[in-house]
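Worksheet for the structure shown next.
Numbering (the numbering used here), first residue to last: 47 to 209.
Laid out in structure tokens, this is it:
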């Protein structure tokens with residue numbers, strides 16, 4: 047279903063500032079905070095976001111501002127919601143083993159017109175779906191509350207194309 051008009055995920059999710067290792071580091075911190083009962087998406091998380099900003103800046107020698115980190119966390123939530131919605135819609139199927147999404151081209155093109163972020167999933171599924179689900183799934187969803195981390199689930203090598 048390759049369409050040269052749709053860019054790969056890297057163009058949607060990463061740029062000069064936000065690399066895959068930084069993304070995984072931030073997600074890992076949020077998962078740890080959630081596991082410790084210190085982070086809920088619906089709560090006021092100013093202190094957690096500030097602490098995450100400080101740790102990311104120190105670890106990667108960056109100068110992210112609070113709003114940049116908050117924006118990245120909001121993107122994580124949007125990524126989860128978008129991919130979850132695609133999978134629940136029934137028009138597309140995700141092959142977890144190959145991390146590819148399969149859908150009829152006409153339906154995919156119609157869908158992406160009203161849901162632009164969905165274009166990021168044309169070539170690959172959401173490689174971080176399981177960890178994002180642990181962060182953002184509604185409380186009534188059956189999501190195991192274990193200490194799984196982004197680093198424990200995803201290989202963070204720089205040539206990883208599935209994230």
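All residues carry an ideal CB built from backbone N, CA and C; glycine is no exception. Predicted model, so just to flag it, every value in this text is computed and none were measured.
Beta-carbon proximity check, residue i vs residue j, cutoff 9 Å
i	j	result
residue 102	residue 71	yes
residue 80	residue 130	no
residue 120	residue 111	no
residue 175	residue 123	no
residue 116	residue 132	no
residue 166	residue 125	yes
Proximity to residue i [Cα-Cα], best of the options
i	options	result
residue 156	181, 142, 137	137
residue 148	158, 169, 115, 162	169
residue 142	78, 128, 172	172
Continuous alpha helix (DSSP H) stretch holding residue i: start and end
i	result
residue 211	Nothing about residue 211 can be read from this structure; the chain reaches only from 47 to 209.
residue 91	That residue, residue 91, is in no alpha helix (DSSP H); it is neither H nor E in DSSP.
residue 77	66–81
residue 86	Segment: none, residue 86 is in no alpha helix (DSSP H) and carries neither H nor E.
residue 58	55–59
Residue i to residue j span [Cα, whole Å]
i	j	result
residue 153	residue 160	11 Å
residue 68	residue 106	7 Å
residue 74	residue 177	9 Å
residue 163	residue 82	31 Å
residue 151	residue 66	29 Å
residue 146	residue 113	32 Å
residue 109	residue 62	13 Å
Threshold first: 4 residues or longer. Then list the alpha helix (DSSP H) segments lying entirely within the stretch 138–183, N to C.
151–160, 175–182
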